[in-house]
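K.L.:
The sequence shown: position 14 = 14 (UniProt numbering), numbered continuously. The beta carbon of each residue, even a glycine, is placed where N, CA and C say it ideally should be.
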Amino acid sequence: MKNFQIIKALSSKSAVSSVGKEKDAMFIAGGTNLVDLMKKNVVAPDKLIDITGIDLKQIEFLTGKVTIGALAKNSQVAEDKIIKENYPLLALALSAGASQQIRHMATVGGNMLQRTRCSYFYNTDMPCNKRVPKSGCGAIGGSNRMHAIFGASDSCIAVHPSDMCVALAALEATVFVEGPKGKREIKFTDFHRLPGNTPEIDNTLQNKEIITSIVIPENNFSKNSHYLKVRDRSSYAFALISVAVGLDIQNNTIKDVRLAMGGVAHKPWRLTETEEFLKGKTVSETTFRQAADLAMKGARSYGENDFKLTLGPNAIFEALTIAASK
Numbered sequence: 001m002k003n004f005q006i007i008k009a010l011s012s013k014s015a016v017s018s019v020g021k022e023k024d025a026m027f028i029a030g031g032t033n034l035v036d037l038m039k040k041n042v043v044a045p046d047k048l049i050d051i052t053g054i055d056l057k058q059i060e061f062l063t064g065k066v067t068i069g070a071l072a073k074n075s076q077v078a079e080d081k082i083i084k085e086n087y088p089l090l091a092l093a094l095s096a097g098a099s100q101q102i103r104h105m106a107t108v109g110g111n112m113l114q115r116t117r118c119s120y121f122y123n124t125d126m127p128c129n130k131r132v133p134k135s136g137c138g139a140i141g142g143s144n145r146m147h148a149i150f151g152a153s154d155s156c157i158a159v160h161p162s163d164m165c166v167a168l169a170a171l172e173a174t175v176f177v178e179g180p181k182g183k184r185e186i187k188f189t190d191f192h193r194l195p196g197n198t199p200e201i202d203n204t205l206q207n208k209e210i211i212t213s214i215v216i217p218e219n220n221f222s223k224n225s226h227y228l229k230v231r232d233r234s235s236y237a238f239a240l241i242s243v244a245v246g247l248d249i250q251n252n253t254i255k256d257v258r259l260a261m262g263g264v265a266h267k268p269w270r271l272t273e274t275e276e277f278l279k280g281k282t283v284s285e286t287t288f289r290q291a292a293d294l295a296m297k298g299a300r301s302y303g304e305n306d307f308k309l310t311l312g313p314n315a316i317f318e319a320l321t322i323a324a325s326k
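(1) Using alpha carbons as the reference points, say which of F150, A244, C128 lies closest to S143.
(2) With a threshold of 8 Å, are at least 3 pairs of Cβ atoms found where one atom belongs to the region 177-187 and the other to the region 148-159?
(3) Taking contact to mean 3 or more Cβ pairs, one atom from each stretch, closer than 8 Å, check whether the region 234-250 and the region 262-269 are in contact.
(4) Going by alpha carbons, who is nearest to L247 out of L271, H226, D232?
(5) Quick one: grab the DSSP three-state call for Q206.
(6) Quick test of your reading: K8 and G53, contact by CB under 8 Å. State the CB separation rounded to the nearest angstrom.
(7) Just to confirm the assignment, what range does the beta strand (DSSP E) spanning G179 have?
(8) Between which residues of its own chain and S284 is the CB-CB distance below 8 Å, once the five residues before and five after are set aside?
(9) Whether or not the region 73-88 and the region 44-51 are in contact is what I'm after, with contact meaning three or more pairs of Cβ atoms, one per stretch, closer than 8 Å; do they touch?
(10) Quick one: give me the first and last residue of the alpha helix (DSSP H) that V264 is part of.
(11) Three or more C-beta pairs under 8 Å: does that hold for the region 254-261 against the region 156-169?
(12) How about S213 and L10: do their beta carbons lie closer than 8 Å?
(13) Given this structure, state the Cα-to-Cα distance separating V16 from I211, to the nearest angstrom.
(14) Determine the contact status of V159 and H147, defining contact as a CB-CB distance below 8 Å.
(15) Please report the straight-line C-alpha distance between L71 and T107, rounded to a whole angstrom.
(16) Of all the alpha helix (DSSP H) runs that stay within the bounds of the region 61-132, which reach a length of 4 or more residues?
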């Protein structure tokens, strides 16, 4: 790791101003991903803008929504009593991520911005279009057990690693950001990008913008929600496949539904077509099997991850079944 300087920012405006003055500066909060990347020489900023002193740690419950500051810790959100009661899907997803120690350090904004855990991305001796554009994708034809089955391209088949983001995509959150051009908001499902020909660009943040908060609208999924994470070991492991489900069930009929997957694409994978299929249907094993099969339309595997084509629909069926049974 090369030497670097740290500059303390006391407001989002000063943070944006500070990072804008430096060519190779980056924001740092919990540092649970960035420090790893610096140790591996994947990134090498000259300066880090420490934003932990900014007042962005709040969780505010207002009429029709909750606002969560970008610097709120993952553990703080996951353990909040009202979040657990009204947005259990988010609490479940956060609790499934990383270890308790990391959740005590990691922030909501940092979780959104974490980079892929693809082994080729972390190994600077290997080709990776996400790390070095136009260098090739080592995972295509290589070790790709953890990789994408949706939305990939010839340039990149890496997946986004976050559990929290899968839940936020399903809950239709909105991201609020601030930058040199002022403030703006982004639909969560539009925040992360598919790789296309520019896999090095993870999201739709503009240059030097900072995330200030996310807002989640109220919903009717507090009773019938579930987050299923299938992984190689029971803790501190990234998802092979994960499924976020929110169901609004009335008289055994699905009035509304939210469904998203993790571990399958470059971004949290929202299953809107499957949601539309489920609306108005009676809760049944047959309905959930049909929905699970529909959700896999367009899936493509790359060799070592062929098993995801079978694991995927089974995980969706199980998550729907558990959510409906609560």
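P.N.:
Taking the coordinates as given:
(1) Numbered from its first residue, the sequence shown carries residue 143 at position 143. Cα-wise, what sits closest to S143 is C128.
(2) no
(3) yes
(4) Counted from its first residue, the sequence shown places residue 247 at position 247. Checked all of L271, H226, D232; the closest Cα to L247 is H226.
(5) Taking the first residue of the sequence shown as 1, we reach residue 206 at position 206. Correct three-state label for Q206: coil.
(6) Taking the first residue of the sequence shown as position 1, residue 8 is located at position 8. Taking the first residue of the sequence shown as position 1, residue 53 is located at position 53. Indeed, because the Cβ distance is near 6 Å, the residues count as touching under 8 Å.
(7) Numbered from 1 along the sequence shown, position 179 holds the residue referred to as residue 179. Residues 174-179.
(8) Residue numbering aside, residue 284 sits at position 284 when the sequence shown is read from its first letter. Cβ neighbours of S284 beyond the five flanking positions: none.
(9) no
(10) Indexing the sequence shown from 1 puts residue 264 at position 264. Note, V264: premise wrong, no alpha helix (DSSP H); not H, not E.
(11) yes
(12) Working through the sequence shown from its first residue, we reach residue 213 at position 213. Working through the sequence shown from its first residue, we reach residue 10 at position 10. Contact flag unset, no.
(13) On the sequence shown, position 16 is the one that residue 16 refers to. On the sequence shown, position 211 is the one that residue 211 refers to. Those two C-alpha atoms are separated by around 10 Å.
(14) As a first step, residue 159 must be located in the sequence shown, where it is residue number 159. As a first step, residue 147 must be located in the sequence shown, where it is residue number 147. Yes; because the gap between Cβ atoms is below 8 Å, this pair is in contact.
(15) In the sequence shown, the residue the question calls residue 71 occupies position 71. In the sequence shown, the residue the question calls residue 107 occupies position 107. One C-alpha to the other measures close to 5 Å.
(16) 74-78, 81-86, 88-96, 100-105, 108-113, 119-122
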